[in-house]
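The structure under discussion appears below in the form of structure tokens.
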Amino acid sequence: MIVAVTGGKGGTGKSTLSANLFFYFIENYKTALIDCDVETPNLPYLTGSEDLSLAKEVFIEIPNIEEGKTYNYKNVCKEGALLKVGDKLIFIEDLCSGCKACGINSNITFRKKSIGKIYEKKFDNGYLIVGKSNLGERKTAKIVTETKKYALSKNCEINIVDTAAGTHCNVVRALINADKVLIVTEPTPFGMSDAKRIIKIVEKLNIPYKIVLNRYGISDLKVGYNFKIPYDRRIVECYCKGESFLKYNDLRGCIEEIANWIIWG
Amino acid sequence: MKIAVISGKGGVGKSSISTSLAKLFSKEFSIVALDCDVDAPNFNLMFDVKDKKLLEVIYRELYKINENCVKCGKCLDICQFDAIEDFKINPILCEGCGACELICEFNAIEPVKHESGYIYEGFIGFPLIWGELEIGESGSGKIIEHIKRHAKKYKAEIELIDGPPGVGCPLISTVKDVDLALCIVEPTKSSVNDCLRLIETLNFFDVEYLVVENKKGMNAINYPFKIFHSIPFDFDVPKLIANKILLCDSNSRVSEAIKELYEKLKEFI
Ligand code: SF4
Ligand code: SF4
Ligand code: SF4
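In order, the protein sequence lines correspond to chains A and B. Be aware that the first sequence starts at 1, since it is given in my numbering, and climbs by one per residue. Be aware that the second sequence starts at 266, since it is given in my numbering, and climbs by one per residue.
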């Protein structure tokens, strides 16, 4: 079972929900918690696990341009990373996406470049798997794909995928292959507008979803939802400490309801 | 002067601070506000935007496989983005690099023009320009560059930019030519960590920055960087935002602290 947690807007409580679901599930199921917010992964802090170990490095292939060598390259690079000026080839590594178009029908060869790393922490009954992009890296989509692939190779019964904020291609990559999606939103005009955007994607991908209304009670805006989590000081406190809030029975009940939907549908 | 308000991770109060600052600046300066969070543009929702106008549609080149395909499989192997499956190109995953078109010997792959985003303009007492990425699209960097181009026509004293989350392509497009970045941080480990990543990125691109602490007192923490200004934690702030009340217009300590921040920022202009 792969369940993705997403929300459109940042800061609606996606990671908080993911972390609490994880702690709930590892009581009974082998569970993987997968942080696909590769630019700013926060699950290590929300699960009190800063002692991660390196699992894998993620590479792309970029042209290996040698000074003085002549290349029969035609200007095909759409990223503007490779330019032919006279018989000189200028390569701007930062702009290269590793698409390898420049290598087709040319004598350009490629070398590996690291764009990010995958970290993990083993729990008694599961794993936290975290993808993290290298600094200044613009194109981070492949890290999302590889992080998920690595996590799924652990063969856990439940896999919780925490996506980045927004509705861009990295979020879509994290959502693809999910069996179910939880859309976390809040009763603000922003939360609602962003949730609408993400719902469109999830519907397009044809994945069953439910809406979790977080910070329930901060306004009387009418929002359709399936589950709710109250705006509560105890949640803010646990969040700050990197702890789960399952020790509070009423809050545990909120998580339990969502977990039941994930398992039983 | 171009000022960007950014935060690494969302939800720390970036937009609630930037909307208030825009309003405060607009009382004393000519200003244009830019919402570069093209994935979730929220600035316009906080205000009653008058006469929303579509300024530009942004296109992107995608590819599709036509009936000439003999299923040789070469394009599947070359695509570095896993966008081709069953001899069909998934428009959501296609980066438009064109490698498949180059490798196909049967002219079976052709470019198609695809709407990837929109740029809007509206007036909220001052002009606001914002972008909206078509859902599931990539290419936010390009949209941001176009937002900035449109903003130039106002020749405003202040260009106030609400930035995108993350430290990837859209953030880099947002900050690379600004004069000052305000990094908003809250007293949690994750936010501090995001802010550190943000600062490293800003240093990488040589951008000047100030760190503003939001929600001071929510949690005890030591910051590994200098805090330029602090805004106190107020449990009721989300309620104000939910009701579209600008923080600077509210009757609270938060409002006072934002006005102080504004006064301190004026010294940089
Ligand atoms: S791999 Fe792609 S992006 Fe990189 S230089 Fe070659 S054509 Fe350009
Ligand atoms: S390379 Fe061309 S002919 Fe071969 S599978 Fe791809 S589209 Fe079809
Ligand atoms: S254009 Fe590039 S990303 Fe798109 S299908 Fe072709 S090879 Fe893949």
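Ideal Cβ placement from N, Cα and C applies to all residues, glycine included.
Secondary structure of residue i, DSSP reduced to three states
| i | result |
| --- | --- |
| N214(A) | strand |
| E424(B) | strand |
| I143(A) | helix |
| Y231(A) | coil |
| V297(B) | strand |
| A4(A) | strand |
| I118(A) | strand |
| F22(A) | helix |
| N309(B) | helix |
| F91(A) | strand |
| F352(B) | coil |
| I492(B) | coil |
| V472(B) | coil |
| S193(A) | helix |
| E397(B) | strand |
| C513(B) | helix |
| Y385(B) | strand |
| D316(B) | strand |
| C448(B) | strand |
| L74(A) | With the sequence shown as reference, residue 74(A) is identified as Lys, and Leu is not the correct amino acid for it. Correct three-state label for K74(A): coil. |
| I343(B) | helix |
| P497(B) | strand |
Under 8 Å between C-beta atoms of residue i and residue j
| i | j | result |
| --- | --- | --- |
| V457(B) | P489(B) | yes |
| V277(B) | I449(B) | yes |
| D427(B) | G273(B) | no |
| V38(A) | K132(A) | yes |
| I412(B) | L299(B) | yes |
| C337(B) | A348(B) | no |
| S219(A) | N508(B) | yes |
| L89(A) | I62(A) | no |
| L205(A) | I158(A) | no |
| P452(B) | T439(B) | no |
| I26(A) | F123(A) | yes |
| K288(B) | L511(B) | yes |
| T163(A) | A174(A) | yes |
| V172(A) | L17(A) | no |
| H415(B) | I394(B) | yes |
| N479(B) | I271(B) | no |
| A536(B) | V477(B) | The shown model of chain B, from 266 to 534, leaves out residue 536(B), and the question about it has no answer. |
| E465(B) | L135(A) | yes |
| K121(A) | L52(A) | yes |
Rounded separation between residue i and residue j - CA only
| i | j | result |
| --- | --- | --- |
| Y324(B) | I408(B) | 10 Å |
| L54(A) | N170(A) | 22 Å |
| Y225(A) | G116(A) | 36 Å |
| I343(B) | I104(A) | 9 Å |
| F23(A) | K69(A) | 56 Å |
| K454(B) | K241(A) | 8 Å |
| T147(A) | I34(A) | 8 Å |
| C96(A) | L83(A) | 12 Å |
| I255(A) | N331(B) | 48 Å |
| A165(A) | G86(A) | 44 Å |
| F91(A) | P497(B) | 48 Å |
| L257(A) | D514(B) | Looking at the sequence shown, residue 257(A) is not Leu but Glu. Approximately 39 Å between the Cα atoms of the pair. |
| V432(B) | R462(B) | 7 Å |
| K200(A) | D194(A) | 10 Å |
| I211(A) | N75(A) | 47 Å |
| H168(A) | S517(B) | 36 Å |
| V223(A) | M192(A) | 7 Å |
| N249(A) | I160(A) | 22 Å |
| C369(B) | K339(B) | 7 Å |
| T140(A) | V322(B) | 25 Å |
| L367(B) | I108(A) | 15 Å |
Listed by chain order, chain C residues near residue i by CB distance under 8 Å
| i | result |
| --- | --- |
| N42(A) | Checking the listed chains, one finds no chain C in this structure; the protein chains it contains are A and B. |
*asked:* Short of 7 Å Cβ to Cβ, which residues in the segment 467-480 of chain B face chain A?
replied: The residues in question are F469.
*Check distances from the C-beta atoms of the segment 452-464 of chain B to those of chain A and list, in chain order, the residues that come in under 7 Å.*
Hits within the stretch, in order: T453, K454, S455, N458, D459 and R462.
*asked:* Along the segment 401-417 of chain B, where does the CB come closer than 9 Å to a CB of chain A? Name the residues.
replied: Residues of the segment 401-417 of chain B whose Cβ lies closer than 9 Å to any Cβ of chain A, in chain order: G401, E402, S403, G404, S405 and G406.
*Can at least three beta-carbon pairs, one atom from the segment 30-45 of chain A and one from the segment 126-146 of chain A, be found at a separation below 8 Å?*
Segments in contact, yes.
*Segment contact flag, the segment 375-392 of chain B with the segment 316-333 of chain B, C-beta cutoff 8 Å, min 3 pairs*: They touch, by the three-pair rule.
*Do the segment 326-333 of chain B and the segment 372-384 of chain B make contact, defined as three or more Cβ pairs closer than 8 Å?*
Taking a cut-off of 8 Å for Cβ pairs, the segment 326-333 of chain B and the segment 372-384 of chain B touch, as three or more such pairs fall below it.
*Any chance the segment 225-243 of chain A sits against the segment 198-217 of chain A, with 3 or more Cβ pairs inside 8 Å?*
The segment 225-243 of chain A vs the segment 198-217 of chain A: in contact.
_Does the segment 414-433 of chain B come into contact with the segment 179-197 of chain A, if we say contact requires no fewer than three beta-carbon pairs (one atom in each stretch) closer than 8 Å?_
In short, these stretches do not touch, since the Cβ pair count stays below three.
*Members of the segment 121-137 of chain A that neighbour chain B once the beta carbon cut-off is set at 8 Å*: Answer set for the segment 121-137 of chain A: S133, L135, G136 and E137.
_Can you pull out the residues from the segment 93-115 of chain A whose beta carbon lies closer than 8 Å to at least one beta carbon of chain B?_
Of all residues in the segment 93-115 of chain A, the ones placed with a Cβ closer than 8 Å to any Cβ belonging to chain B are S97, G98, C99, K100, A101, I104 and N105, in chain order.
*At a Cβ cut of 8 Å, what residues of the segment 346-360 of chain B count as close to chain A, listed as they run along the chain?*
Listed in sequence order: F346, D347, I357, L358 and E360.
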